[in-house]
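Position in the sequence shown counted from 1, then plus 6, gives you my numbering. Below is one structure; the comments refer to it alone.
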Amino acid sequence: MATNLSTFNTATSQEVFAKAKHLMPGGVSSPVRAFKSVGGEPIVFDRVNGAYAWDIDGNKYIDYIGSWGPAIVGHSHPEVIEALHKALEKGTSFGAPCVLENQLAEMVIEAVPSVEMVRFVNSGTEACMSVLRLMRAFTGRDKIIKFEGCYHGHADMFLVKAGSGVATLGLPDSPGVPKSTTANTLTAPYNDLEAVKKLFAENPDQISGVIIEPVVGNAGCIVPKDGFLQGLKDLCKANGALLVFDEVMTGFRLSYGGAQARFGVTPDLTTMGKVIGGGLPVGAYGGRKDIMSMVAPAGPMYQAGTLSGNPLAMTAGIKTMEILKREGSYEYLEQITKKLAEGMLAIAHETGHAATGNIVGAMFGIFFTSQQVYDYEDAKTSDTAKFAKFHRGMLEHGVYLAPSQFEAGFTSLAHTDADVEATLAATRTVLSQIPA
Ligand SMILES: Cc1ncc(COP(=O)(O)O)c(C=O)c1O
């Protein structure tokens, strides 16, 4: 077990967080971290290494968040740290072209089927807002289709039926987003091709494209039904619209080529983030050369960034991807994730709890519901009060899970069989103590 329950004490975390609440809205730099949907005070981190995180009270956790996805080779991988040390000696930011950008761009282009050309930015949000402008610039149309429960960052146009923190906090939308901005955002239930077909029929020649998380990670983990992604591609093609896979979460996590390589469906454009920055702030968007050639300065669509292509971020991304590319990485991730998530589900059932789950690549989601989850409405049938108890119990037993029923879990190359076994033992103890 990672933490001895009798020594579990979060007094310093609580003290620091109490102060943080006076300094930053909600005490955090990003909403879900505040633990609002599971109650209780968040844990304040001190350091991370491999599969583990330590808080400032000295508690150790097996970490299944991995900084929300980037830590797929394990936190602070020695090779990444070494490469960063070397890069650091050359400076922290150039604001000018560097060879490292070419290197990471070549790796991304080689790996991701849809990407013939790529632009680096600093976050997934930035990647998605930029790709949106590109979709519209290329097609000359304003409307987009997104899916309920899918999160594409916090730009205005996407804050309609969004997942992640928006789902967690139960905000249907956000104040400050003008109606005129979201008027062009059409939504459909995930896995519902007929709904998409209807939207295209109702808005002829007006829809620039469809953006989707090919596997949803922001409403729990939800996988596409057979033929759904290909069906979207066909519908986009028939209607002169672009298909965009938001692979900020799934990129290099479901396979080296992301969800598109795994499912064999190539979109027109792709957004990326998280893993390609190896724990430093990076996002990217890329796709067909004819579309990407519209981006400034090659073309007229403006988009820029002071720190974009930052040498430290490029270095961490390159090294992370080099490690991932080694033989057996994805087989290991697949196997360890299955062992973990199938084990948790089996224990939930043995201890009398209704639970279903989705597992794909190095991503998983367990829902406290009897219903198989195919879309956001299904996900919302989950018993979130039970999840909150489960989350707190696991934390007390040294397992750090995403603090929301509506977030996916992530594994890494650093998670061992022993970590999984300790996690399953904790699951059994905690679920046995929660009324079914
Ligand atoms: C699918 C997806 N798109 C976009 C984003 C936004 O990325 P960032 O938080 O780096 O802005 C996220 C973040 O979790 C995401 O999961």
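Note that CB positions come from ideal geometry on N, CA and C, so glycine has one too. Just so we're clear, the structure is a prediction, and the values are computed from it rather than from any experiment.
Say yes only if the C-beta of residue i is nearer than 7 Å to one or more non-hydrogen atoms of ligand 2, and no if none qualify.
i    : result
C227 : Looking at this structure, you won't find ligand 2 anywhere; what it does contain is ligand 1.
From the DSSP output, in three-state form, read off residue i for me.
i    : result
V22  : helix
S214 : strand
K392 : helix
L238 : helix
L275 : strand
M400 : helix
P441 : coil
D423 : helix
H81  : strand
R139 : helix
F258 : coil
M350 : helix
I151 : strand
V121 : coil
G101 : coil
P178 : With a pLDDT of only 47 at P178, under 50, the local geometry of the prediction cannot be trusted, and the value read off the model is given with reservation. P178: coil per DSSP, three-state reduction.
Y338 : helix
N224 : coil
Y382 : helix
V114 : helix
F269 : helix
V461 : The first residue shown for the chain is 7 and the last is 442, placing residue 461 beyond what the model contains.
Could you check the C-alpha separation between residue i and residue j for me, to the nearest Å?
i    : j    : result
G46  : M30  : 18 Å
T191 : G289 : 22 Å
L430 : F206 : 46 Å
S299 : Y308 : 12 Å
Q20  : G311 : 37 Å
V121 : V22  : 44 Å
T433 : G257 : 29 Å
G293 : A442 : 48 Å
G237 : L199 : 7 Å
M7   : S129 : Low confidence applies to M7: its pLDDT is 48, below 50, so where it sits in the model is not reliable enough to give any reading.
F14  : I150 : 48 Å
P181 : K92  : 45 Å
K239 : V183 : 29 Å
G264 : L235 : 14 Å
L330 : V44  : 33 Å
G80  : M400 : 20 Å
D381 : K344 : 21 Å
G246 : I218 : 17 Å
Tell me which residues share the same chain as residue i and place their Cβ nearer than 7 Å to its Cβ, disregarding the 5 neighbours each side in the sequence.
i    : result
V379 : G226, I228, T362, N364, F373 and A385
F100 : P317
G284 : P76, V86, A322, G323, K325 and T326
F126 : E107, V288, A290, S314 and G315
G176 : Note on G176: pLDDT 46, under 50, position unreliable in the model; no value is reported.
Keeping to the same chain, check which residues put their C-beta closer than 6 Å to that of residue i; ignore five residues upstream and five downstream.
i    : result
M327 : M113
T390 : Q411
F41  : P48 and P409
A24  : none
A26  : G33
Of the choices the options, whose alpha-carbon is the least far from that of residue i?
i    : options                   : result
I117 : T272, K243 and G33        : Looking at the sequence shown, residue 117 is not Ile but Ala. Out of T272, K243 and G33, T272 has the C-alpha closest to the C-alpha of A117.
E348 : K243, V366 and A89        : V366
G72  : R53, A89, E85 and G64     : R53
P84  : L437, R147 and L419       : L419
A354 : T435, I329 and G279       : T435
A244 : N128, F269 and V216       : V216
T18  : P48, H28, P37 and A319    : P48
V426 : I62, I342 and K331        : I342
K185 : A391, V166 and D423       : V166
V250 : I68, Y382, I297 and K204  : I297
L351 : G263, S136 and L437       : L437
E337 : H81, S261 and V281        : S261
E5   : I218, A194, G146 and P230 : No information on residue 5 is available, as it lies outside the stretch 7 to 442 that the chain covers here.
E356 : A394, I440 and G399       : I440
D148 : P119, L110, T187 and A111 : T187
V38  : W74, A267, S388 and A26   : W74
V50  : T16, I68, S82 and Y70     : T16
Just to confirm, is the Cβ distance from residue i to residue j under 8 Å?
i    : j    : result
L313 : T417 : no
A57  : H421 : yes
F370 : L346 : yes
S214 : L248 : yes
M163 : L140 : no
L286 : A322 : yes
G404 : N55  : no
M320 : E107 : yes
V105 : I115 : no
F269 : P220 : yes
C134 : D211 : no
For residue i, which residues of its own chain have a beta-carbon under 8 Å away from its beta-carbon, when the five flanking residues on both sides are left out?
i    : result
E132 : G159, G289 and G311
A424 : none
A161 : T131, C134, M135 and L138
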